[in-house]
Amino acid sequence: MKVPSQPSGNTAEAGGPEDRLRRFVTIWGRAIFPVTATSLTRAEFEGHLLPLARVLCDALLARPFDTGPAQRVGAGLVDAHCTDPDALGRSLGVVDSYLVLYCGTDAELPAEELRARCARLQHAMATGYAQALRERTRAEQEAIARSALSARSAAEIALHATESRFRAVFDGAAIGIGIADLEGRLVEINDTMTRMFGGVEAHVRSRNVSEWVHPEDGPHVWRLYEELVRGEREQYRVEKPYYRGDGTVLWTNLTVSLLRDAEGRPQYQLALMEDITERRLLHLRLRYEATHDALTGLPNRTLFFERLEKALAPGSAGADTRFGLCYLDLDGFKAINDSLGHSVGDRLLVEVADRLQACATGPGEMVARLGGDEFVALTTGTGGEPDATALADRILAALATPVGVDGRDLAVRGSLGVVEGPAGERTAAEVLRSADITMYRAKSAGGNRFALADPEADARAITRHGLTTALPTALERGEFFIEYQPLVHLDDGSVHGAEALVRWSHPQHGVLGPDRFIPLAEDTGLIVPLGRWVLQEAVRQARSWQLENPATGTPLRVNVNLSPTQLHHPRLVADTVDVLERAGLEPGALCLEVTESALIGADEDLLKPLRQLADMGVDIALDDFGTGYSNLANLRRLPVSVLKLDRSFTRGMQQHPVDPVDLKIVEGIVSLAHSLELAVTVEGVETAAQAERLRDLGCDTAQGWYYARPGAPDRIHSLVLADAV
Amino acid sequence: MERPAWAPPGIDISVPSVSRMYDFYLGGSHNFEVDREAARKAMEFLPGLPKIMQANRAFMRRAVRFAVDNDVTQFLDIGSGIPTFGNVHEVALAADPAARIVYVDHDPVAVAHSRAVLEGVEGAAVVPADLRKPADILRSPEVTGLLDLDRPVALLLVAVLHFLEDADRPREAVAELLDALAPGSLLVVTHASYEGIPVDQERAGGTVEVYRSTRNPLVMRSRDEIARFFDGTGLVEPGLVSMPHWRPDGPAEEEDPYAFSGFAGVGRKA
């Protein structure tokens with residue numbers, strides 16, 4: 001243990017003055033250490049006391065006697081942080097009892113003198129201690145007060161800056177700001193808020209926040225308010241209307257926040273409000289315009305779809321809700337528009353809209369204009385089909401009276417498609433499509449009536465739609481294939497060739513015949529690539545038959561159908577030549593079949609490519625002959641070499657007895673054809689008797705189930721082999 | 726301009742401050758009647774409170790010297806309070822004149838007083854900041870300017886962690902501070918506890934109640950809970966012990982019984 005402040009040069013031999021001084025210090029230290037606040041160790045503390053003890057000792061013996069040093073000892077105690085007055089009391093006790101004992105033994109002074117001096121030293125110590133403690137206390141009080149002041153002014157400067165910034169925001173804000181206490185009494189509002197409420201501050205201030213109700217308040221608005229003032233919610237944001245002083249309505253985007261005090265207790269509510277009255281009006285107007293038809297004022301397609309979707313939502317208003325939809329298209333409206341002008345047409349539409357509106361006034365009923373002369377009426381509820389057909393009947397009845405426009409009575413007729421069913425099963429688009437299809441059914445049945453949706457009819461129409469969209473990828477995916485139906489010489493029954501018939505192996509619907517998809521391909525233009533593919537395949541197949549049967553005399557020929565669109569295609573000749581050359585097939589082995597109707601009214605431009613092909617040696621067959629106008633005079637100038645009699649003629653041959661008129665007609669056609677150097681092919685031969693009769697009539701070739709059904713190319717191959725035997 | 730009624734108050738010296746109460750326990754006069762009144766009330770339950778504070782000061786002195794002896798001469802003293810005699814900078818600068826000391830306190834009066842005391846003292850500064858927001862402390866110009874965080878720092882959390890409630894996430898605050906310090910840094914902690922107090926818990930609880938009525942509730946923690954503040958450091962000998970038992974200069978038996986209240990320890994960051 002080290003002891004600081006040990007005076008150098010003094011030896012502390014036992015019993016000597018220095019040793020006695022140290023023993024005095026030890027007693028002193030032990031007496032006052034427990035009442036000091038020092039953080040020094042006891043030894044360190046005694047180190048502080050030692051010089052003080054030495055001063056006392058010296059003063060006790062000094063000549064002349066002076067109490068001044070003892071005052072400094074008292075002050076020294078304070079310096080050593082002996083600020084507890086008990087430390088003084090205990091110190092004086094130690095001095096009184098031990099100073100003379102430990103420091104006065106070798107003195108030349110008499111004992112009474114020493115006692116008297118000791119007493120006076122104690123008085124001086126007490127004085128010095130008291131003075132020092134008073135000074136120190138004053139100094140420290142002053143210091144802490146100064147610190148508190150400086151801290152406070154720093155805080156105030158910061159607060160003032162904050163307040164100035166806040167004030168600037170508060171006064172200059174474009175949004176209304178209001179502060180109220182938790183009872184709803186307004187504490188502050190800014191000018192913007194006053195202006196929003198009509199400009200009279202007193203009007204705003206006079207009312208409690210909780211009185212600012214409006215009939216259009218959302219049900220949650222006041223619940224949120226209560227939660228906030230109870231301190232259960234820090235903030236909420238709502239759209240809220242208020243009455244202004246003049247009774248007009250102010251719409252606001254309102255954000256309310258809870259302000260808490262330093263202890264976290266809810267204290268005030270702060271409202272920030274943005275005036276959205278104008279924006280809301282504009283929004284409502286835009287919304288109206290966006291959802292209503294400008295001409296008739298009826299709800300438009302958008303609004304109708306919203307309502308329909310709501311009506312179709314599963315369980316929207318109970319388990320057994322149903323809907324009924326009437327889709328109306330006016331019959332012959334285009335003719336009125338075209339002949340009497342759009343303004344008459346428009347006035348007619350307005351009148352129709354009014355009458356329709358009057359038909360659907362019940363709850364859950366609505367009428368909308370989808371566009372043009374298409375209207376819909378919707379009914380919802382649980383009435384079922386009777387309700388829906390009753391609505392359709394009302395609509396037809398309403399249209400029965402002619403509409404007067406410009407003194408002219410216009411008869412109005414319409415076709416209605418009615419769809420009825422339970423909610424939750426179909427989408428709005430599906431329902432509308434069904435209604436559309438059904439409406440067309442009503443229209444094609446003569447119009448001025450309604451038709452009820454029929455799932456099977458829908459399915460057919462929907463399939464047609466599905467096939468059309470699937471066609472392009474079907475070609476890419478190789479879903480088409482070709483079957484061949486043999487053409488047979490009637491005179492000897494030998495195989496003459498085969499007609500290529502395209503099939504679609506549809507992934508869902510199975511194998512589809514050309515009647516199912518060729519019209520669709522015609523409509524979409526896909527017929528051109530599809531036709532080219534068929535031509536390529538058939539020509540390649542004909543060539544491979546030739547290669548497989550080099551021995552059989554006349555090479556097998558192949559018939560390929562040409563659609564009207566292909567006929568008009570500018571690359572018809574070039575493509576055909578290209579296909580033949582690539583396959584290495586001579587033109588004479590190809591016969592292109594063109595329907596009679598495709599050539600009706602054909603001019604020279606249209607016939608030119610056919611003529612070119614005929615000149616090259618390609619046979620051109622006139623398909624389905626006898627179903628069109630059968631313009632016999634025209635036959636001469638067509639570049640055809642074959643007539644294919646329609647199967648309706650061969651059907652006549654099946655009857656018993658055979659219709660003599662049919663016989664005469666066929667005989668005449670064959671004779672005419674032969675005189676024009678045209679070969680005659682008959683289709684649809686199903687019996688031996690038919691075949692015999694047709695041969696007797698002079699027909700050249702035939703095809704039909706009697707000989708063979710359409711089949712895979714190797715079937716033809718085997719038929720040919722059979723011939724050869 | 727009229728001050729808005731809802732604006733927060735500035736410095737409120739009508740509320741007792743733990744720094745000034747601490748000064749009062751140590752016989753100082755850097756305090757106001759409101760502080761003295763609270764301190765006297767607390768002492769009704771624990772008359773030996775001044776002895777606890779004294780032992781706390783003594784431990785801090787020893788810990789600072791221990792740091793200097795181990796070549797850690799940078800000090801970050803958070804919750805430094807009112808600097809009275811024998812403060813960290815005095816002890817540290819006496820041991821090594823090149824020592825660096827940054828005091829941190831969230832009591833504006835304590836900070837203002839520290840500024841006055843430190844005027845003209847090179848190598849020492851004070852930051853007004855809160856232990857609950859370590860990032861504010863670490864980013865302060867005083868810390869970045871005075872301390873070299875690439876070298877070890879003695880982080881002093883002496884008699885301050887027990888003023889943070891668990892909701893203040895004191896453990897995370899300590900971890901965040903330690904994370905910013907170099908390996909070899911020291912964590913110096915004293916913490917109040919019911920363990921070691923020479924009166925029953927009910928009586929000691931009276932003091933806790935007094936502090937609860939100030940803005941700084943006192944949170945007593947168990948030895949195990951206090952030990953967890955040292956996660957990420959290794960406790961130096963003799964570990965987490967009562968204050969007089971931590972590397973004493975003299976025989977601990979001579980200490981006042983109150984001095985053994987609570988725990989003290991020093992951890993070294995690996």
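In order, the protein sequence lines correspond to chains A and S. Positions 1 to 725 (this note's numbering) are the ones given, in order, by the first sequence. Positions 726 to 995 (this note's numbering) are the ones given, in order, by the second sequence. Idealized CB from N, CA, C, for every residue including glycine. What you are looking at is a predicted structure, and each value in this text was computed from that prediction instead of being measured.
Proximity test, Cβ basis, 7 Å: residue 943 (chain S) and chain A:
Reading the second sequence from its first residue, position 218 is the one you call residue 943 (chain S). So, not an interface residue.
Please identify, using Cβ separations under 8 Å, the residues of the stretch 203-230 of chain A that lie next to chain S, in order along the chain.
Listed by position along the chain: nothing, the set is empty.
Residue environment, residue 567 (chain A), which counts as buried when at least 16 other CB atoms sit within 10 Å:
For this step, residue 567 (chain A) is matched to residue 567 along the first sequence. Its Cβ being crowded by 16 or more others within 10 Å, residue 567 (chain A) is buried.
Which residues in the same chain as residue 212 (chain A) place their Cβ atom closer than 6 Å to its Cβ, once the five residues preceding and following it in sequence are excluded?
Taking the first residue of the first sequence as position 1, residue 212 (chain A) is located at position 212. Setting aside the 5 residues that flank it on each side, residue 212 (chain A) is surrounded in the same chain by 242, each with a C-beta closer than 6 Å to its C-beta; the list follows chain order.
Contact check, residue 153 (chain A) vs residue 811 (chain S), beta carbons under 7 Å
Numbered from its first residue, the first sequence carries residue 153 (chain A) at position 153. Numbered from its first residue, the second sequence carries residue 811 (chain S) at position 86. No; because the gap between Cβ atoms is not below 7 Å, this pair is not in contact.
If we define contact as Cβ-Cβ less than 7 Å, is residue 183 (chain A) a contact residue for chain S?
Here residue 183 (chain A) refers to the residue found at position 183 when the first sequence is read from its first residue. With a threshold of 7 Å between beta carbons, residue 183 (chain A) makes no contact with chain S.
Just to confirm my understanding: we take residue 4 (chain A), look at its own chain, exclude 5 residues before and 5 after, and list those with CB closer than 6 Å. What are they?
As a working note, residue 4 (chain A) is residue 4 in the first sequence. Its pLDDT being 45, under 50, residue 4 (chain A) is placed unreliably by the model, and the measurement read from it follows with that caveat. Hits under 6 Å: 47.
Please report the straight-line C-alpha distance between residue 887 (chain S) and residue 868 (chain S), rounded to a whole angstrom.
Along the second sequence, one-based indexing puts residue 887 (chain S) at 162. Along the second sequence, one-based indexing puts residue 868 (chain S) at 143. Spanning the two alpha carbons is a distance of roughly 24 Å.
Who are the near neighbours of residue 793 (chain S) in its chain, counting only those whose CB is closer than 6 Å to its CB and skipping five residues on each side?
Within the second sequence, residue 793 (chain S) is the residue found at index 68, counting from 1. Only 820, 821 meet the Cβ criterion.
Tell me which residues share the same chain as residue 85 (chain A) and place their Cβ nearer than 7 Å to its Cβ, disregarding the 5 neighbours each side in the sequence.
Here residue 85 (chain A) refers to the residue found at position 85 when the first sequence is read from its first residue. Closer than 7 Å at the Cβ level, and outside the excluded window around residue 85 (chain A), lies no residue.
Establish whether the CB of residue 802 (chain S) and some CB of chain A are separated by less than 7 Å.
In the second sequence, residue 802 (chain S) corresponds to position 77, counting from 1. Answer no: the Cβ-Cβ gap between residue 802 (chain S) and chain A never drops below 7 Å.
Residues of chain A with CB closer than 7 Å to the CB of residue 756 (chain S), please, in chain order.
Stepping through the second sequence from its first residue, residue 756 (chain S) is reached at position 31. Against residue 756 (chain S), the close residues of chain A are 144, in the order they occur along the chain (beta-carbon pairs closer than 7 Å).
Please give the ranges of any alpha helix (DSSP H) in the stretch 601-678 of chain A, keeping only runs that are unbroken, at least 4 residues long and fully inside the region.
604-616, 632-635, 647-654, 660-675, all fully within the stretch 601-678 of chain A.
Sort out for me which residues DSSP pairs residue 178 (chain A) with in a bridge.
Translated into positions along the first sequence, residue 178 (chain A) becomes position 178. Note: residue 178 (chain A) is bridge-paired with A:189, A:271 in the DSSP secondary-structure output.
Could you say if the stretch 216-236 of chain A and the stretch 190-199 of chain A meet the contact criterion of at least three C-beta pairs nearer than 8 Å?
Result no; under three Cβ-Cβ pairs closer than 8 Å.
Taking Cβ-Cβ distances shorter than 7 Å, what residues in chain A pair up with residue 937 (chain S)?
As a working mapping, residue 937 (chain S) is identified with position 212 in the second sequence. Residues of chain A passing the Cβ test: none, with the nearest at roughly 12 Å.
Closest Cα partner of residue 378 (chain A) within the set A:336, A:413, A:327, A:124:
For the purposes of this step, residue 378 (chain A) is taken as residue 378 along the first sequence, with counting starting at 1. Looking from the CA of residue 378 (chain A), the closest CA among A:336, A:413, A:327, A:124 belongs to A:327.
Starting from residue 257 (chain A) and walking both ways along the beta strand (DSSP E), at which residues does that stretch end?
Walking along the first sequence from the start, residue 257 (chain A) turns up at place 257. Where residue 257 (chain A) is concerned, the enclosing beta strand (DSSP E) stretches over 249-260.
Taking 6 Å as the limit between beta carbons, can you name the residues of its chain near residue 980 (chain S), skipping five residues before and five after?
Against the second sequence, residue 980 (chain S) aligns to sequence position 255. Within the same chain, Cβ atoms closer than 6 Å to the Cβ of residue 980 (chain S) are found at 969, the five residues on either side in sequence being excluded.
May I have the straight-line CA-CA distance separating residue 849 (chain S) from residue 814 (chain S), to the nearest angstrom?
Along the second sequence, one-based indexing puts residue 849 (chain S) at 124. Along the second sequence, one-based indexing puts residue 814 (chain S) at 89. When rounded, the distance between both Cα atoms is 7 Å.
For residue 337 (chain A), which of helix, strand or coil comes out of DSSP?
Taking the first residue of the first sequence as position 1, residue 337 (chain A) is located at position 337. Assigned with DSSP and collapsed to three states, residue 337 (chain A) falls in helix.
Name the chain A residues that come within less than 7 Å of residue 867 (chain S), Cβ to Cβ?
Reading the second sequence from its first residue, position 142 is the one you call residue 867 (chain S). Ordered by position in chain A, no residue passes the 7 Å Cβ test against residue 867 (chain S), which lies about 16 Å from the chain.
What's the gap between the Cα of residue 295 (chain A) and the Cα of residue 466 (chain A)?
In the first sequence, the residue the question calls residue 295 (chain A) occupies position 295. In the first sequence, the residue the question calls residue 466 (chain A) occupies position 466. When rounded, the distance between both Cα atoms is 35 Å.
Contact criterion: CB-CB distance below 7 Å. Does residue 83 (chain A) meet it with respect to chain S?
For this step, residue 83 (chain A) is matched to residue 83 along the first sequence. At least one chain S Cβ lies under 7 Å of residue 83 (chain A).
List, from N- to C-terminal side, the beta strand (DSSP E) runs of 3 residues or more that fit wholly inside the stretch 463-550 of chain A.
Those beta strand (DSSP E) runs which fall completely within the stretch 463-550 of chain A and span 3+ residues are 480-489, 495-506, 510-512.
Per-residue contacts from residue 979 (chain S) into chain A (C-beta, under 8 Å)
The residue given as residue 979 (chain S) occupies position 254 in the second sequence. For residue 979 (chain S), the neighbours in chain A by C-beta distance under 8 Å run, in chain order, 42.
Answer yes if the stretch 512-526 of chain A comes into contact with the stretch 739-758 of chain S, meaning at least three C-beta pairs across the two stretches below 8 Å, and no otherwise.
Taking a cut-off of 8 Å on C-beta distances, the stretch 739-758 of chain S does not touch the stretch 512-526 of chain A, as fewer than three cross pairs fall below it.
Under 7 Å between C-beta atoms of residue 608 (chain A) and residue 623 (chain A):
Locating residue 608 (chain A) in the first sequence gives position 608, counting from the first residue. Locating residue 623 (chain A) in the first sequence gives position 623, counting from the first residue. Cβ distance not < 7 Å, so residue 608 (chain A) and residue 623 (chain A) don't count as in contact.
With 16 other Cβ atoms within 10 Å as the buried cut-off, status of residue 102 (chain A)
Mapped onto the first sequence, residue 102 (chain A) falls at position 102. So residue 102 (chain A) counts as buried.
Whose C-alpha, out of A:513, A:59, A:640, A:260, is nearest the C-alpha of residue 617 (chain A)?
By one-based count along the first sequence, residue 617 (chain A) stands at place 617. Taking only the C-alpha atoms, the option nearest residue 617 (chain A) is A:640.
Looking at the structure shown, is residue 575 (chain A) part of a helix, part of a strand, or coil, going by DSSP?
Position 575 of the first sequence, counted from the first residue, corresponds to residue 575 (chain A). Assignment of residue 575 (chain A) by DSSP, reduced to helix, strand and coil, places it in the helix class.
Assess, as a yes-or-no matter, whether the stretch 133-141 of chain A is touched by the stretch 828-840 of chain S under the definition of 3 or more beta carbon pairs within less than 8 Å.
Judged by Cβ distances under 8 Å, the stretch 828-840 of chain S makes no contact with the stretch 133-141 of chain A, as fewer than three pairs qualify.
Under a CB-based cut-off of 7 Å, is residue 983 (chain S) close to chain A?
In the second sequence, the residue the question calls residue 983 (chain S) occupies position 258. No - not a single Cβ of chain A is within 7 Å of the one on residue 983 (chain S).
So is residue 975 (chain S) buried or exposed if we call it buried at 16+ other beta carbons inside 10 Å?
Residue 975 (chain S) sits at position 250 when you count from the first residue of the second sequence. Exposed: under 16 other Cβ atoms inside 10 Å.
Three-pair Cβ contact test at 8 Å for the stretch 914-930 of chain S versus the stretch 764-773 of chain S
The stretch 914-930 of chain S is in contact with the stretch 764-773 of chain S.
Indicate whether at least one CB of chain A lies closer than 7 Å to the CB of residue 751 (chain S).
The residue labelled residue 751 (chain S) in the question sits at position 26 within the second sequence. Judged by the 7 Å Cβ criterion, residue 751 (chain S) is in contact with chain A.
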